[in-house]
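Below is one structure, written out as structure tokens, with a few remarks after it.
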Amino acid sequence: MAKIARLTPILFAGAAAAALAVAPAAYADPPPPPPCVNADGSPCSGIANINAGGADINVPYGPSGTADRGGAGGSIPYGPFGSADGGGASGGFWNGPTGSASRGGASGCIPNVGCLSIPAP
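Take the sequence shown: its letters are residues -28 to -1, 1 to 93, numbered as in mature numbering (1 follows the signal peptide of the UniProt record, and there is no 0).
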């Protein structure tokens, strides 16, 4: 029993050292997402289309976006979305607040609260 009592501080010091050694892993960046592959193992195609007219991107189960001379838009599933062109811009959050603005004014809505429109001066 006396030997165990003498080893107690060493056991606590070992536990503290182990906790300090593992702590950096708790703050590490998450691993990157797996590459996109089809069921047969071939790489996904058609994720992006870029040409002189603009660009389109659609990551399976992920963000999508488009841009051309007329404007741009993008969205993240169950997250924010938005678009903009020469006439104005709009955006919002899935199942959340939304808003738009143009030369004619601005408007916005908050679910379960209400909407507001402000005309341009």
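From the three backbone atoms N, C-alpha and C, an ideal C-beta is built for every residue, glycine too. As the structure is a prediction and not an experimental result, all values here were calculated from the model.
Where DSSP assigns a beta bridge to Pro52, which residues make up the other side?
-> Counting from 1 along the sequence shown, the entry for residue 52 is found at position 80. Looking at the DSSP assignment, Pro52 forms a beta bridge with Phe65.
Would you identify the three-state DSSP class for Ala92, choosing helix, strand or coil?
-> On the sequence shown, position 120 is the one that residue 92 refers to. Residue state, collapsed to three classes: coil.
Note down, in chain order, each residue of its chain lying with its Cβ closer than 7 Å to the Cβ of Gly81, except the 5 sequence neighbours on either side.
-> Along the sequence shown, read from residue 1 onward, the residue named residue 81 stands at position 109. The amino acid at residue 81 is misidentified as Gly; the sequence shows Cys. Excluding sequence neighbours, Cys81 sits near Pro69, Thr70, Cys87.
Selected residue, minimal CA-CA separation from Gly42, among Gly59, Asp12, Ala92 | Mapped onto the sequence shown, residue 42 falls at position 70. When only C-alpha atoms are compared, the closest one is Gly59.
Could you check the C-alpha separation between Val31 and Tyr50 for me, to the nearest Å?
-> Counting from 1 along the sequence shown, the entry for residue 31 is found at position 59. Counting from 1 along the sequence shown, the entry for residue 50 is found at position 78. Using only the alpha carbons, I get a separation of about 14 Å.
Cross-strand partners of Asn30 (DSSP beta bridge) | Sequence index remark: in the sequence shown, residue 30 carries index 58 (1-based). For Asn30, which the question treats as bridged, DSSP gives the partners Ser36.
How would you call Ser62, buried or exposed, if buried means at least 16 neighbouring beta carbons within 10 angstroms?
-> As a working note, residue 62 is residue 90 in the sequence shown. Buried, because 16 or more other Cβ atoms sit within 10 Å of the Cβ of Ser62.
Endpoints, the beta strand (DSSP E) within which Asn21 is located = To locate residue 21, count along the sequence shown from 1; it is residue 49. Secondary structure note for Asn21: its beta strand (DSSP E) is the uninterrupted segment 20 to 23.
Using only alpha-carbon positions, find the residue among Asn21, Phe53, Pro93 that is nearest to Trp66.
-> Here residue 66 corresponds to residue number 94 of the sequence shown, with the count starting at 1. Nearest option by C-alpha distance: Phe53.
State yes or no: is the C-beta of Ile29 within less than 9 Å of the C-beta of Thr38?
-> The count along the sequence shown starts at 1 and reaches residue 29 at position 57. The count along the sequence shown starts at 1 and reaches residue 38 at position 66. The answer is yes: Cβ separation under 9 Å.
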